[in-house]
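Everything on this sheet refers to the single structure shown next.
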Amino acid sequence: MNAANQSPFQSLQHTEALARFDLLTVQSYDVRLDLAADDATFRSVTTIRFTSRGGPTFVDLKPARVNEIRFNGAVLDADLLQRGRLPLQTTEGDNELVVDAVMRFRNDGEGLHRSVDPADGKHYVYGMSFMDAAPSIFACFDQPDLKAPYTFHVVAPADWLVVGNAPGTRTESGPGGTAQWELAPTQPLSTYFVTLVAGPYHLVTDEHDGIPLGLSARASIARDLDADADELFTMTKQCFDEFHRLFGIRYPFGAYHQAFVPEFNAGAMENPGCVTFRDPLIFSSRVTRGVRIQRATTVAHEMAHQWFGNIVTPKWWDDLWLNESFAEYMGNRVTADVTEYDDAWTHNAYARRQWGLVADQRPSTHSVAGNGAVDATAALQDFDGISYAKGSSILKQLNATLGDDVFFAGAIDHFTRHRFGNATMHDLFRSWEEAGAGDLAGFTSNWLRTAGPDTIVLDRGAGVLRRTPPAGHPADRSHTLRVATAEPGGKWELSALTVATEETAYDVADGTAVVLDPYEDTWALVQPDEVTVSALKSLLPATDDTRLRAGIWNNVRSAFHNAAIDPADVLDLLEAGLPVEDSDDAVFYTMPWAISKVVPLASDPDAALRRINAVALTKVSDADAGSTLQLSAFQAAVSSATDAGQLRTWLAGRVLPDGIDLDLDLRWRILVQLAVLGETDRAELEAALDAEPTARSRVEHSRAMASLPDAEAKAWAWARFVGEVDVPNYELEAAGLGMWRTGQEQLTDGYVDRYFAEVPRTVDVRSGWVLADAAQDFFPTTSLTEETVARARALIDLEGLDASIRRRVVDLTDELERRLAIRRAFPAR
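Numbering (the working numbering), first residue to last: 61 to 889.
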């Protein structure tokens, strides 16, 4: 790769972070931001006071331009700044660095992101410093273990609200319709927690147990925030009470503000005092119960981070799991235990289990802990289903083994010893062992430091369950799990067993269906054998246990991922199981998976899609009118529809099922499907956008435009991928997902080679999250050929390819190979 494709900024190496930590102690940051100067840039004046042992180091800075740099009173040459690093020759003792720079507002969800709401033209700003974006807001020593307190001073337009990590006050009015805001000093924070949310946000406030609470969102969705505020505040209060009960340590960051911000890449970010969420979590259209559970667990997840991550922060990114696995586990647990969403673990089974299991089977799999993150860029790629779903599952097992008393005693000791500091996995496990857990070395080695899932399969002929460790990752894991069995014509029975050796005796009668680990007691790859698949077609209609059905579907999905079940059997199971399904999560997650993954590999994809559509329509009719179960079925019916006349009837509001009312989400869902079918045009899509020019409309308009089955649509999408047209992150994602549609291969085949040739150069037009996300969203997933796999492998081997692009291509190449394996195993008949 030539220098033109080199990332403009150098990622921090772990070895460099260790050396800088040994050299420096940061005392404070004072940051002055002028957000009112212009729409493209902002002034950032940062004063860093720190002590040093003396010697060379560097500060991180990613400006548009530098006005002046003063170090210990002397002016430094701005040309010393190279690839985001400004070298410093520190003196022993106290040092002071003042950087006066102009920074760019960004539109990729990182740094200081500026967004214009198409509904009313108002501008909004928020800060996202994770993983290495803080230096694009202010000069800093950007690594998690150089914590310091921050004081912010902000100039903003007079009609803006400014919220940060610490409470702020508007102190005076300035020239040109501006206002000055002063924020109080924070507790010691890692750089990646620093945020600022500013704009004409709508604010709702409350208080609980001495903690000021706030919610904010764009003015155009103020009515929706007001409608959701009671539920959000109630959950927040319930979670605070439970976390205070479990930990015995009060929330220490003052006010607790939850800001719902536009075009946010992640679900949320746990910034102390000011948590940021993607604002589609404020519901402008009707949503399913499962989507509300997702929001509830996200709220609880971020609150858990105030202890796991914010009071004590990982010393380096290889202990990212200390944040995410804990927050994932505690978020689900607390949501299920104290909020109205007591079915949160069922939601987790549908929404998160496969995310983790699939990631753990990829060539890129990694250990939960100690994953060898050599630099920040590599660490970001491990921000995946392993760090969340697998880690959470393992902690759930550990809690079941230790019991709450020991589990939380160890956690409390950990928080107390390292309060407002940094720690490692070894520190936490030492606290657990001292609390009475015993020697956890074997557990750590097998479960947290060894990648991949064990496979547990039933060998009926031998009468055993076989446990096989992942190839290349030897482990000796003991699995305690439940098994569901049903003899022909019988009902499900549950039993518990432990699989601790390579073979565990297990006899079943002929024809008995066996579902391993349906309640997800362990972390392993389990899938139904042929006898069980056959039996499930009659058993599913009589299965009234929602969690058991979720476990069955996870078994089935794992089997499909590994080419161990015929797509025809999956369709049969959908037809058998959906009529009795009472969980909208089952419909919400299973049907899109079947439409996108199973249908294209069926022997007759068109017939398969019609079968799924028929199942969905039947469910719409049979579900209670107005229920969220009916809503999820209608969403699936739209996304699987091939009858343009039916879609047109719905779009016009004629002959809608009783209980279904068209809202923004459903109107655009119908328009996108009409676009896929080639039954709409650009004029109609533009008119729909003009009629409801919301942020959601712009995203769905992009998806629909890219989905049209003509060459112009694909060129329109491609221009966004290569940076010829600059669009915000959500619109970029929608264009990529809309571009590659099954059945449109004649239009996209010409872009397969272009993707592999041009994706390396996208480092010139984007970075961070969006660089990797775009590489994934525009990957030619519909090109199921060995030639495409070969091209992908050549790209993976390309010297100098950006690490985040390589990681996504590795995973997507594995997905292509698995789909080809299914096609070979079950050829069209």
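C-beta atoms are modelled at their ideal positions from N, C-alpha and C, and glycine is treated no differently.
Helix, strand or coil at residue i according to DSSP, with G and I counted as helix
i           : result
residue 62  : Residue placement at residue 62 is flagged as unreliable, the pLDDT there being 36, under the threshold of 50; the coordinate-derived value follows with that caveat. In the structure shown, residue 62 sits in coil (DSSP, three-state: anything other than H, G, I, E or B).
residue 665 : helix
residue 803 : coil
residue 351 : helix
residue 191 : coil
residue 720 : coil
residue 559 : strand
residue 73  : strand
residue 826 : coil
residue 19  : The question about residue 19 has no answer, for the chain in this structure spans 61 to 889.
residue 486 : helix
residue 443 : coil
residue 853 : helix
residue 309 : coil
residue 782 : coil
residue 526 : strand
residue 547 : coil
Beta-carbon contacts of residue i that lie in its chain and below 6 Å, excluding the five residues immediately before and after
i           : result
residue 862 : 823
residue 689 : 644, 683
residue 412 : 449
residue 84  : 110, 112
residue 419 : 444, 445, 446
Counterpart residues of residue i in DSSP-defined beta bridges
i           : result
residue 895 : A query on residue 895 cannot be resolved here, the shown segment of the chain reaching from 61 to 889 and no further.
residue 263 : 276
residue 167 : Its beta-bridge partners do not exist; DSSP assigns none.
residue 142 : 145
residue 108 : 89, 157
residue 329 : 336
residue 200 : 120
residue 240 : 215, 232
residue 175 : 184
residue 223 : 257
residue 374 : 483
residue 584 : 514
Buried versus exposed call for residue i [16 or more other C-beta atoms within 10 Å across all chains shown]
i           : result
residue 62  : A caution first: residue 62 carries a pLDDT of 36, below 50, which makes its placement in the model too unreliable to give a value.
residue 122 : buried
residue 641 : buried
residue 551 : exposed
residue 747 : exposed
residue 181 : exposed
residue 577 : buried
residue 777 : buried
residue 584 : buried
residue 712 : exposed
residue 218 : exposed
Proximity to residue i [Cα-Cα], best of the options
i           : options            : result
residue 812 : 843, 95, 790       : 843
residue 841 : 608, 656, 249, 543 : 656
residue 281 : 137, 590, 177      : 177
residue 559 : 536, 573, 665      : 536
residue 760 : 775, 730, 780      : 730
residue 563 : 402, 521, 531      : 521
residue 212 : 238, 303, 257      : 257
residue 476 : 371, 286, 349      : 371
residue 284 : 261, 763, 775, 299 : 261
residue 385 : 453, 435, 828, 302 : 453
residue 233 : 670, 216, 875      : 216
residue 756 : 129, 310, 343      : 343
7 Å CB neighbourhood of residue i in its chain, flanking five on each side removed
i           : result
residue 879 : 661, 844
residue 771 : 807
residue 579 : 542, 607, 611
residue 143 : 68, 69, 70
residue 619 : 587, 588, 625
residue 289 : 264, 275
residue 818 : 782
residue 79  : none
Contacting residues, own chain, Cβ-Cβ under 8 Å from residue i (five flanking each side not counted)
i           : result
residue 64  : With a pLDDT of 41 at residue 64, under the threshold of 50, the predicted position of this residue should be treated as unreliable, though the coordinate-derived value follows. Within the same chain, residue 64 has close Cβ partners 821, 824.
residue 883 : 661, 844
residue 694 : 676, 680, 717, 720, 726
residue 854 : 816
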